[in-house]
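All remarks here apply to the structure that follows.
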Amino acid sequence: LLHFGIKTRHHFMQQEIELTILPEKIADQVHIMQTGAAQLRIAPSRVKGLKIRKRSIDARGKQVVFRIRVIFYIDEIPIPEVLHHEYANVAGAQPVIIIGAGPAGLFAALRCLENKMRPIIIERGKNVQERRRDLAALNKEGVVNPDSNYCFGEGGAGTYSDGKLYTRSNKRGDVQRVLQLLVAHGATEDILVDARPHIGTNKLPHIIQAIRHTILNQGGEIHFNSRVVDIVAQFGRVKGVKLASGEHITADHVILATGHSARDMFELFHRKHWLAEPKPFALGVRIEHPQHIIDQAQYHCAVRSEHLPPAYYSLVEQVDGRGVFSFCMCPGGIIAPCATDKGEIVVNGWSPSKRNNPYANSGTVVQVNLEDVPQAVRYPFALLDFQHEVEERAYVVGGGKLVAPAQRMVDFVQGKLSDTLPINSYKPGTKSALLSEVLPSFVHDALRKALPVFGQKMKGYYTNEAILVGVESRTSSPIRIPRDKDTLQHPQVKGLYPCGEGAGYAGGIVSAAIDGMNCVDRIIFQ
Ligand code: FAD
7 LLHFGIKTRH HFMQQEIELT ILPEKIADQV HIMQTGAAQL RIAPSRVKGL
57 KIRKRSIDAR GKQVVFRIRV IFYIDEIPIP EVLHHEYANV AGAQPVIIIG
107 AGPAGLFAAL RCLENKMRPI IIERGKNVQE RRRDLAALNK EGVVNPDSNY
157 CFGEGGAGTY SDGKLYTRSN KRGDVQRVLQ LLVAHGATED ILVDARPHIG
207 TNKLPHIIQA IRHTILNQGG EIHFNSRVVD IVAQFGRVKG VKLASGEHIT
257 ADHVILATGH SARDMFELFH RKHWLAEPKP FALGVRIEHP QHIIDQAQYH
307 CAVRSEHLPP AYYSLVEQVD GRGVFSFCMC PGGIIAPCAT DKGEIVVNGW
357 SPSKRNNPYA NSGTVVQVNL EDVPQAVRYP FALLDFQHEV EERAYVVGGG
407 KLVAPAQRMV DFVQGKLSDT LPINSYKPGT KSALLSEVLP SFVHDALRKA
457 LPVFGQKMKG YYTNEAILVG VESRTSSPIR IPRDKDTLQH PQVKGLYPCG
507 EGAGYAGGIV SAAIDGMNCV DRIIFQ
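Going by the UniProt record's numbering, the sequence shown opens with residue 7, and the numbers climb by one from there.
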């Protein structure tokens with residue numbers, strides 16, 4: 007059995023209080039202890055231990071401060087409590103096929119181990135180490151391997167990301183459980199405490215690798231370089247899958263966690279006449295500013311204190327009844343080429359754990375509704391085609407090799423071609439272009455109206471020092487694969503569990519992981 011110790015618990019005489027701490031004192035335990043003792047009106051010598059439970063930055067006032075919630079142990083020494091986390095060996099147990107080793111697939115596999123089922127993960131891409139070489143080719147030569155890229159491979163789209171771990175809704179399930187499992191596999195305990203936890207591209211692959219070891223050590227299977235080309239079903243019941251190699255793998259339960267970029271999987275559903283529905287998504291550009299502009303705006307200072315992390319922002323505006331919003335903001339980040347096939351451009355962002363690049367990037371996208379693509383009424387894949395056409399246009403306008411069309415912010419709003427582009431982080435290169443030639447007109451117009459308004463909300467934001475890089479098109483899946491709300495199975499295929507972001511049930515690392523675990527929980531009750 008594997009045991010992970012990941013939680014400390016208090017015993018008696020404990021008080022939880024909120025403290026306000028200056029940035030330069032946030033790492034000073036003695037200061038925190040003395041401040042807490044003063045607030046509790048007790049002698050500091052009575053404090054035998056403390057545990058920070060929550061930590062957030064409050065930049066609303068002139069003085070930026072940390073707000074922390076701390077448990078103080080008074081007169082009693084805290085006793086560490088180990089949360090036992092037990093995985094039995096599952097070799098020979100009932101198999102569950104999991105298609106895709108993204109967060110949904112990996113956390114589904116961990117849940118299988120907890121419940122004595124044998125996960126068999128089938129992943130089209132390579133393991134994290136080998137995947138790195140393909141990412142280098144993407145960045146240096148503009149060459150896309152359709153099975154190994156920023157979206158496909160071990161860890162899925164979340165591996166070479168910023169690793170932000172917050173989710174908009176806690177209703178989806180047990181967020182803390184996901185965070186604890188990440189800590190058990192090597193993430194720092196800070197993620198259990200920070201209001202905006204993140205891991206970083208440099209650290210995520212080690213954690214993914216540790217999860218792989220847990221799965222393999224406990225008798226699970228992981229098949230890399232193995233693309234699923236068919237899901238085999240008979241009389242409305244799933245029987246297993248067929249791989250591109252021709253090999254068949256059988257199981258009574260298949261979790262489909264292939265992510266939002268596996269268009270071939272959506273096409274498979276179309277060919278098999280299995281239900282799939284169009285779903286609203288969002289589309290736009292990635293915007294990059296020099297990080298110091300964002301720091302100045304958010305921290306109201308000329309130069310960011312060394313005790314504060316690079317600043318973050320989140321902006322939203324309704325333009326003519328349509329949402330325009332920032333998405334997946336990466337302080338100290340890099341814009342990444344995230345295409346999964348030849349002849350298309352897709353951008354996204356990542357950052358290392360220290361977020362120490364001089365750029366701040368964020369997806370800035372416009373809501374795309376079903377009514378925007380009238381064919382969606384008759385043809386469920388109309389939004390997928392619409393998304394793809396924009397990505398192909400970006401490729402053509404960029405001129406090939408993943409060079410992305412780009413425009414300075416004020417030039418974009420004024421409809422002017424930029425004479426020059428700012429130095430930026432997108433490695434395959436950027437080409438000055440009119441983004442009106444790439445973006446659908448309603449997306450273009452909504453962005454043009456929203457950006458100056460964002461500038462009013464955040465000083466310094468609206469500037470020609472910022473660059474818009476096209477296109478941010480894979481914010482979420484434009485398709486939903488339906489499932490029964492109680493059993494989570496596809497309505498036409500028993501034993502098939504559409505799961506994670508690709509099927510339309512998650513929008514990020516944590517929510518995908520939770521959805522993976524939820525699907526396994528339903529298998530238990532079948
Ligand atoms: P995916 O992670 O997409 O995994 C699907 C897996 O299925 C892939 O590994 C793929 O190779 C595999 N697959 C596909 N088709 C097949 C097939 N036919 N056969 C076998 N295997 C197949 N989210 C956050 O919450 N925070 C962030 O900071 C963040 N940053 C991001 C940065 C980048 C650059 C990108 C691209 C995404 C980022 N995201 C972030 C989004 C996040 O990564 C996704 O929401 C999440 O990974 C979705 O998980 P998933 O398991 O549903 O799908």
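Cβ atoms here follow ideal geometry from the backbone N, Cα and C, with glycine treated the same way.
CB-CB length for residue i against residue j, believed under 8 angstroms
i      : j      : result
Ser431 : Asn363 : 6 angstroms
Cys525 : Leu494 : 5 angstroms
Thr370 : Ser332 : 5 angstroms
Ile293 : Ser368 : 6 angstroms
Leu457 : Val419 : 6 angstroms
Val352 : Arg480 : 5 angstroms
Val53  : Ala44  : At roughly 11 angstroms, the Cβ-Cβ gap does not stay under 8 angstroms, so Val53 and Ala44 are not in contact.
Phe275 : Ile487 : 7 angstroms
Cβ pair residue i, residue j closer than 8 angstroms
i           : j      : result
Arg139      : Gly159 : no
Cys505      : Ala114 : yes
Gly131      : Ser154 : yes
Ile213      : Ala193 : yes
Met464      : Leu321 : yes
Val372      : Ala288 : yes
residue 534 : Asp301 : Residue 534 lies beyond the stretch modelled for the chain, which goes from 7 to 532, so this question has no answer here.
Ile299      : Gly466 : yes
residue 535 : Ile221 : Any property of residue 535 remains undetermined from this structure, which presents the chain solely from 7 to 532.
Pro152      : Asp391 : no
Ala110      : Asp521 : yes
Ser508      : Met271 : Here residue 508 turns out to be Gly, not Ser, going by the sequence shown. Yes, they are a contact pair.
Lys68       : His394 : no
Same chain, Cβ closer than 6 angstroms to residue i, neighbours up to 5 away in sequence not counted
i      : result
Thr41  : Leu25
Ala97  : Gly225
Asn121 : Ile530
Thr426 : none
Ser359 : Gly206, Asn208, Lys209
Gly329 : Gln373
Glu227 : Ile126
Ile128 : Ile105, His229, Ser232, Val234
heavy atom of the ligand FAD below 7 angstroms from residue i C-beta
i      : result
Lys170 : yes
Val371 : no
Asn430 : no
Phe272 : no
Ser167 : yes
Phe47  : Going by the sequence as given, residue 47 is Arg instead of Phe. No, since every heavy atom of the ligand FAD falls outside the 7 angstroms radius drawn around the Cβ of Arg47.
Pro497 : no
Thr264 : yes
Glu507 : yes
Gly327 : no
Cys157 : yes
Gly108 : yes
Ile128 : yes
Gly164 : yes
Ala342 : yes
Gly379 : The question names Gly, but residue 379 is Val in the sequence shown. False, no ligand heavy atom lies under 7 angstroms from that Cβ.
Trp356 : yes
Val111 : Going by the sequence as given, residue 111 is Gly instead of Val. Checking every heavy atom of the ligand FAD against the Cβ of Gly111, one is found closer than 7 angstroms.
Cys118 : no
Val516 : yes
Cys334 : yes
Ser267 : yes
Ile105 : yes
Ser234 : As written in the sequence, residue 234 is Val, which differs from the Ser given in the question. For the ligand FAD, at least one heavy atom lies less than 7 angstroms from the Cβ of Val234.
Gly513 : yes
Gly131 : yes
Nonlocal neighbours in the same chain, by C-beta distance under 8 angstroms from residue i, ignoring five residues either side
i      : result
Val444 : Val396, Arg399, Ala400, Val403, Pro411, Gly476, Val477
Phe72  : Thr26, Ile27, Leu28, Pro29, Ile32, Arg61, Ser62, Ile63, Asp64
Cβ-based neighbour list, residue i, same chain, cut-off 7 angstroms, excluding 5 preceding and 5 following
i    : result
Leu7 : Per-residue confidence for Leu7 stands at a pLDDT of 37, beneath the threshold of 50, marking its modelled position as unreliable; the derived number appears in the next sentence. Only Glu92, Tyr93, Ala94 meet the Cβ criterion.
beta-carbon residue i near the ligand FMN non-hydrogen atom, thresh 7 angstroms
i      : result
Tyr385 : For the ligand FMN, the structure offers nothing, since it holds only the ligand FAD.
Do the stretch 106–126 and the stretch 77–86 touch if we need at least three Cβ pairs shorter than 8 angstroms?
no
Tell me whether the stretch 265–279 and the stretch 156–170 touch, counting them as touching only if at least three CB pairs, one residue from each stretch, are closer than 8 angstroms.
yes
Is the number of C-beta pairs between the stretch 336–346 and the stretch 252–262 that are closer than 8 angstroms three or more?
no
Three or more C-beta pairs under 8 angstroms: does that hold for the stretch 59–73 against the stretch 33–47?
no
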